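Asker: Okay, handing you the structure first.
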Amino acid sequence: MKPLYLPADQPRKIRLDLRKNRAPSARKNDFTRTTGEELDHLPSGQRISGKGSQTRRRTVIGEVDESGNVVREIDLTRCRPGRVLRAVGATQCQVYDLETHQVVSCTVRRLLRTLSSDERTAVVTGDRVYYEPVDETQGVIERIEPRTGVLTRSHQRREHVIVANVSQIVIVVSLSQPHLKPALIDRFLISAAKGGVAAIICLNKCDLVNLVEFQPIIGLYSQLGYPVIPTSTVDGTGLERLRHLLKDEQSVMTGQSGVGKSTLLNAVDPHWKLKTGAVSDWTHKGKHTTRYAQLLELSTGGWVVDTPGIRQFDLWNVEPGEVEGYFREFRPLVPLCKFASCLHLEEAGCAVRGAVEQGLITRLRYESYGRLVTGDDS
Ligand SMILES: Nc1nc2c(ncn2[C@@H]2O[C@H](COP(=O)(O)OP(=O)(O)OP(=O)(O)O)[C@@H](O)[C@H]2O)c(=O)[nH]1
Ligand SMILES: [Mg+2]
Ligand SMILES: [Zn+2]
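Each residue of the sequence shown is one higher than the one before, starting from 10 at the first, in the working numbering.
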C-alpha cells in the first residue's frame, strides 16, 4: 500500500511551475525535484492566492510514482496552508488556516481517503495540510505534508497515529487516583523514541501523596536523562516548569484517563477552558472526559495537543529483539552477554540480568522490559 504521506527522506514529488504565457517547451525545464520539506517554505500569501504579477504563475504539486509518472496534480494556487486542530471521525476535521487564522471545517479528498484505507483516519491532529476552500467556513484537504514526530500505538492490529508533527511528548501519570503505573511510562518512552520525539515525565497530583516516597521513581527516570516534573494543579507545584518546557515547542500530553492532562493544560493557559472530569470514587479511574485529540496554540508560542485518556497503550511494530535498545541503561551491558541473540530473560551468561542482581539496573525496569518482550500485559 502506498503511504498516504510521503516520507521526508524519499523525494517522490515534483513541483511544476507553469507560466501560462510562455512557450510550452519551457514547462519541462521548470520541473524541479523537491522534497516534502521544501513545501513548508513555499512563500505564503501571493503565490498561493495568486495576486498582482504572480497571477500568471500557477504552482502545481505533482505526486509521482516510482517510475516518475505523475499520478496526481494539485493546483496550489487554489489551496491554502493549514494545520489540523482536530480530526473528527474518519474524514472530517477542523483546520486552522495559517494565514487567515480562521478555523475551517474540512473533508478529505476522496483519493487521499483511499490511499489511507489501512489507517484509522486519513488525517490526524497536528497534520500540516493544504486545503481548497469551498466557502469561508468549509474546505477540502488536498494534500497532507510528510509527518515528522509522531505518537502512534497499535490498535486492533493496525497502526493508530494519535498525533503528528510533535517535538516532545509529555507523559502524564498521576501519583494517586488513578495510582501510578511505571510500566506505562516505559511504553510511552519507547513510543516516543520510535516516533522520533523527546519525552518529559509529569508526575501529577503530587498534592495527594508524600513525594518523598516517590523519590526512587523520580531519581530513576532523571538518571536515565528524562526530565521529570512533579506537578499539582491544586497547589501549583511544577506548573511554571511545565509552562517553560511547553513554550515554543510542539508537544502532546498523553496518559491514562483521569490523570489530569486537561486540568494541567487549563492551569498552563486558563483561557482554553478544557472540559475536565472527576475520577470515579470506587475505581479511581477517569471517565474519558476528553473525546478527541485537540491541537491548542500557546500564547507564549508553540502548540500543544490534549489527547483522550488511553485505556490500553500497545506499541506498534516493536519486535522483541528491539526492546533492549529502548532501555537506555541496558545498552552498555548488551554487548557483554554471552549470546549475541540474548533476550535477557533466561539465557545463561546474561550481563543484563547480572546487572539487575547487583542492583545496577532496577527490578522495576527489568520487569517492565520482560513484560514487553514476552507480551505479557498482566
Ligand atoms: N488532587 C488533584 N486532583 C487533580 C489534579 N489534576 C487534576 N485533578 C483532578 O483529576 C480529575 C481528572 O482530571 P482531567 O484533567 O479531566 O483528566 P484527563 O487526564 O484530562 O482525563 P481524560 O480527558 O479522561 O483523559 C479532575 O477531577 C481533576 O480536578 C491535581 O494536581 N491534584
Ligand atoms: Mg482530558
Ligand atoms: Zn542478556
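Where a beta carbon is used, it is the ideal one built from N, C-alpha and C, also for glycine. Computed from a predicted structure; not experimentally measured.
Start and end of the alpha helix (DSSP H) containing residue 213?
Answerer: First-last for residue 213: 207–213, but that is the beta strand (DSSP E), not the alpha helix (DSSP H).
Asker: So, for residue 309: in the same chain, excluding its five sequence neighbours on each side, which residues have a beta-carbon less than 6 Å away from its beta-carbon?
Answerer: So the list reads 256, once near-sequence residues are dropped.
Asker: Indicate the three-state DSSP secondary structure (helix, strand or coil) for residue 90 in the structure shown.
Answerer: Strand, per DSSP.
Asker: Skipping 5 residues on each side, what residues in its chain have a beta carbon closer than 6 Å to that of residue 293?
Answerer: 186, 187.
Asker: For residue 270, is the beta carbon positioned less than 7 Å from some heavy atom of ligand 2?
Answerer: Indeed, a heavy atom of ligand 2 lies less than 7 Å from the Cβ.
Asker: Is the beta carbon of residue 298 within less than 7 Å of some heavy atom of ligand 2?
Answerer: Yes.
Asker: How about residue 314 and residue 277: are their beta carbons less than 8 Å apart?
Answerer: Result no, Cβ atoms of residue 314 and residue 277 do not sit closer than 8 Å.
Asker: Classify residue 270: buried if its beta carbon has 16 or more other beta carbons within 10 angstroms, exposed otherwise.
Answerer: Classification for residue 270: buried.
Asker: Give me the Cα-Cα distance between residue 327 and residue 352, rounded to the nearest whole angstrom.
Answerer: So the alpha carbons of these two residues sit roughly 14 Å apart.
Asker: Going by beta carbon distance, what residues of the same chain come within less than 7 Å of residue 204, once the five residues before and after it are set aside?
Answerer: Cβ neighbours of residue 204 beyond the five flanking positions: 158, 159, 160, 161.
Asker: Here's a check: name, in chain order, each residue in its chain whose Cβ is nearer than 7 Å to the Cβ of residue 336, leaving out the five neighbours to either side.
Answerer: Excluding positions up to five away in sequence, the list reads 374, 378.
Asker: Whole angstroms is fine: what's the gap from residue 338's alpha carbon to residue 86's?
Answerer: The alpha-carbon atoms of residue 338 and residue 86 are separated by roughly 52 Å.
Asker: Entirely within the region 316–379 and at least 3 residues each: give me those beta strand (DSSP E) ranges in chain order.
Answerer: Those beta strand (DSSP E) runs which fall completely within the region 316–379 and span 3+ residues do not exist here.
Asker: Using 8 Å as the threshold, is the C-beta distance between residue 143 and residue 93 below it?
Answerer: Their beta carbons are not under 8 Å apart, which means residue 143 does not touch residue 93 by this criterion.
Asker: Mapping the DSSP letters down to three states, classify residue 191 as helix, strand or coil.
Answerer: The answer is helix: DSSP assigns residue 191 an H, G or I state.
Asker: Using a Cβ-Cβ cutoff of less than 6 Å, which residues in the same chain neighbour residue 346 once the five nearest sequence positions on both sides are dropped?
Answerer: Once the five neighbours on either side are set aside, the close Cβ partners of residue 346 are 359, 360.
Asker: Pull up the DSSP beta-bridge partners for residue 143, would you.
Answerer: Paired residues: none, contrary to the question.
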